[in-house]
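What follows is a short report on a single structure.
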Amino acid sequence: MKPLRILCATALVFLILVAATDVGVRAAFPSLPRLDGDFSPALLELEIDRLRDGSPATVFLGDSELWGYRLRTEQAAPAILGARGLRETNLSYEGGSPVNTYAVLEVLLASGVRPKRVVFNVNQKVFNALDSAYATVQPSVAELALPRFSPADAALVAPARAPATFEARLDRGVRAIWRLYALRNDLRELLFGDVDAAHALAARLVAADGTQRRTDAAHAPTAAVFEGTYDLAPLDDTNVSVHFLRRIVAALRAARVPALAILTPTNHTLLHDYIDTPQYGKNLAYVRRLLAAGGVRVVDLDGAFGAADFIDNDHLTAAGNERFASLLAPQLGRP
Amino acid sequence: MIDSDHLVVPGSRDVTDVLATDPIYRLLGRRLAHPVVLGFVLFVLALALIVLGPASESRFIYTDF
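Given below as structure tokens:
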């Protein structure tokens, strides 16, 4: 056989194998109990397709609190409720905020998904303009959602990263036609439980030799770490998080989707010096009124937990998540 | 290094002669180089690069205190 013919035939065999794998990936990529830490736009689209095609579910939209920061998947409150029989999908992720919740909601509704209900949390710290999620949409969500934002809304958020380099264009082109490549971040997390094999190996090594335990002990959260985390200026419509909270309420009302908003459990023992002031209470009341006026049910869990239930300022331990799930259950019609 | 043993004067050798000494060309000429085997090897390499490759994106927000 002539070498040129061999090269062409090899390329054909390669493309057939790639296409066959892609058919398999599209049909059988598992539905994840929660989004992975570095999820791709392709995974979000996959989960949204499954939501649209399945029977209506309760959809959790929120931040690391609902995602289950530093916990195994099954220890997060939504997963606990799922194990108790609630049909749920957890689309929360680390770095959530009202603009992020609105962005995912926009993509869901525009894709024809009509959840049975939406549960989202509202964390007082994201009303601080210095918070990293205040006006920034998670890049994978931004790719899907920002083109749907009105110009006025888009002007309020940090622009999505869309580098015009040859490498970036090639990456987008390959992602568009090769699903396995588009899902590579998610595949790696699925296989290794980390962003890639090297990080997974490093994590196991530092856990095995005790480095992780010593690092955790040295970085135990203290109140000083959270100085400046909460901005106690009175809330109004100039606040980007307030603006997008109103957008969430309006979108839910227009789509007639029932919603439950959780005022995020907060560690008042740790944060006493910074947040136990009248203005913090007024800001909570402002948010409660805004949500209730738009027909969203509110469950205020801001002060419902003791210090022992927290890992830090607002992330709950595994036991805390058990209690969290038990407090949410009656609100969601579960025992 | 360029010397009289390695220097090829343009037009002095047939292109197929040059290719015949090329390692890739010779590999493709072997019976082992069946397109199915080569295509499969190429696919496994691509798969390994994707699965074992480094994360190209940093996490959005990593709230590790």
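Protein chains in written order, with the numbering used here: chain A, 1 to 335; chain B, 1001 to 1065.
From the three backbone atoms N, C-alpha and C, an ideal C-beta is built for every residue, glycine too.
Answer with yes or no whether the minimum CB distance from residue i to chain A is below 7 Å.
i, result
"A1055 (chain B)", "yes"
"L1045 (chain B)", "no"
"A1035 (chain B)", "First, the residue type needs correcting, since residue 1035 (chain B) is Pro and not Ala in the sequence shown. At least one chain A Cβ lies under 7 Å of P1035 (chain B)."
"L1052 (chain B)", "yes"
"L1049 (chain B)", "no"
"F1065 (chain B)", "With a pLDDT of 36 at F1065 (chain B), under the threshold of 50, the modelled position of this residue cannot be trusted; read the value that follows with caution. Chain A, which has a Cβ nearer than 7 Å to the Cβ of F1065 (chain B), makes this yes."
Note down the Cα distance separating residue i from residue j, rounded to an integer number of angstroms.
i, j, result
"Y93 (chain A)", "V18 (chain A)", "31 Å"
"V25 (chain A)", "L180 (chain A)", "6 Å"
"A198 (chain A)", "S40 (chain A)", "19 Å"
"A254 (chain A)", "P278 (chain A)", "34 Å"
"P212 (chain A)", "V59 (chain A)", "Checking the sequence shown, residue 212 (chain A) turns out to be Gln, not Pro. If you take the alpha carbons of Q212 (chain A) and V59 (chain A), they lie about 34 Å apart."
"A307 (chain A)", "N267 (chain A)", "6 Å"
"S140 (chain A)", "Y280 (chain A)", "33 Å"
"N239 (chain A)", "L130 (chain A)", "12 Å"
"F305 (chain A)", "Q124 (chain A)", "16 Å"
"L15 (chain A)", "F1043 (chain B)", "8 Å"
"L263 (chain A)", "V299 (chain A)", "6 Å"
"L12 (chain A)", "A1046 (chain B)", "15 Å"
"T215 (chain A)", "V206 (chain A)", "10 Å"
"D63 (chain A)", "A1048 (chain B)", "33 Å"
"F1040 (chain B)", "H1034 (chain B)", "10 Å"
"L108 (chain A)", "D171 (chain A)", "25 Å"
"D276 (chain A)", "P265 (chain A)", "14 Å"
"V249 (chain A)", "P1054 (chain B)", "40 Å"
"P3 (chain A)", "D196 (chain A)", "37 Å"
"G173 (chain A)", "L290 (chain A)", "43 Å"
"Y134 (chain A)", "E143 (chain A)", "18 Å"
"V119 (chain A)", "V1037 (chain B)", "52 Å"
"L327 (chain A)", "W178 (chain A)", "43 Å"
"I1050 (chain B)", "A200 (chain A)", "16 Å"
"D312 (chain A)", "L271 (chain A)", "10 Å"
For residue i, which residues of its own chain have a beta-carbon under 6 Å away from its beta-carbon, when the five flanking residues on both sides are left out?
i, result
"F324 (chain A)", "A77, L316"
"R5 (chain A)", "none"
"T10 (chain A)", "none"
"N185 (chain A)", "D38, S40"
Got a sec: is the Cβ-Cβ distance from residue i to anything in chain B below 7 Å?
i, result
"A197 (chain A)", "yes"
"I6 (chain A)", "yes"
"V104 (chain A)", "no"
"R338 (chain A)", "Coverage of chain A is limited to positions 1 through 335, which leaves residue 338 (chain A) absent and any answer about it impossible."
"A9 (chain A)", "yes"
"L232 (chain A)", "no"
"F60 (chain A)", "no"
"F324 (chain A)", "no"
"R184 (chain A)", "yes"
"L144 (chain A)", "no"
"F14 (chain A)", "yes"
"L17 (chain A)", "yes"
Three-state secondary structure (DSSP) at residue i?
i, result
"V174 (chain A)", "helix"
"V113 (chain A)", "coil"
"R34 (chain A)", "strand"
"E47 (chain A)", "helix"
"L263 (chain A)", "strand"
"V104 (chain A)", "helix"
"L61 (chain A)", "strand"
"N239 (chain A)", "coil"
"F149 (chain A)", "coil"
"F324 (chain A)", "helix"
"N128 (chain A)", "coil"
"N283 (chain A)", "helix"
"V349 (chain A)", "With chain A covering 1 to 335 only, the question about residue 349 (chain A) has no answer from this structure."
"V1044 (chain B)", "helix"
"V119 (chain A)", "strand"
"R204 (chain A)", "helix"
"R70 (chain A)", "coil"
"G1039 (chain B)", "helix"
"A164 (chain A)", "coil"
May I ask which residues mark the beginning and end of the alpha helix (DSSP H) holding residue i?
i, result
"R297 (chain A)", "No alpha helix (DSSP H) holds R297 (chain A); the beta strand (DSSP E) holding it covers 297-300."
"N90 (chain A)", "Taken as a continuous stretch (DSSP letters only), N90 (chain A) belongs to no alpha helix (DSSP H), being part of the beta strand (DSSP E) at 88-90."
"I311 (chain A)", "I311 (chain A) -> no alpha helix (DSSP H), and no H or E assigned at all."
"A11 (chain A)", "3-28"
"P234 (chain A)", "Taken as a continuous stretch (DSSP letters only), P234 (chain A) belongs to no alpha helix (DSSP H), as it is neither H nor E."
"T215 (chain A)", "211-218"
"P78 (chain A)", "77-83"
"L183 (chain A)", "Careful: L183 (chain A) lies outside any alpha helix (DSSP H) and carries neither H nor E."
"T269 (chain A)", "268-275"
Sorted by chain position, which residues of the same chain lie with C-beta nearer than 8 Å to residue i's C-beta, five sequence neighbours on each side aside?
i, result
"R117 (chain A)", "T58, V59, V257, P258, A259, L260, L332"
"L35 (chain A)", "L43, L44, E47, W67, N90, L91, S92, Y93"
"S132 (chain A)", "G95"
"A251 (chain A)", "Y102, L105, E106, L109"
Shorter than 6 Å, the distance from the beta carbon of residue i to the closest heavy atom of the ligand NAP, or not?
i, result
"Y230 (chain A)", "In the structure on display, the ligand NAP does not appear, and there are no ligands present to speak of."
Who are the near neighbours of residue i in its chain, counting only those whose CB is closer than 7 Å to its CB and skipping five residues on each side?
i, result
"W110 (chain A)", "Rather than Trp, the amino acid found at residue 110 (chain A) in this sequence is Ala. Result list for A110 (chain A): R148, in chain order."
"V126 (chain A)", "S97, P98, A133, Y134, S241"
Anything in chain C within Cβ reach of residue i, meaning under 8 Å, just list it in chain order.
i, result
"L71 (chain A)", "Considering every chain present, this structure includes no chain C. Its protein chains are A and B."
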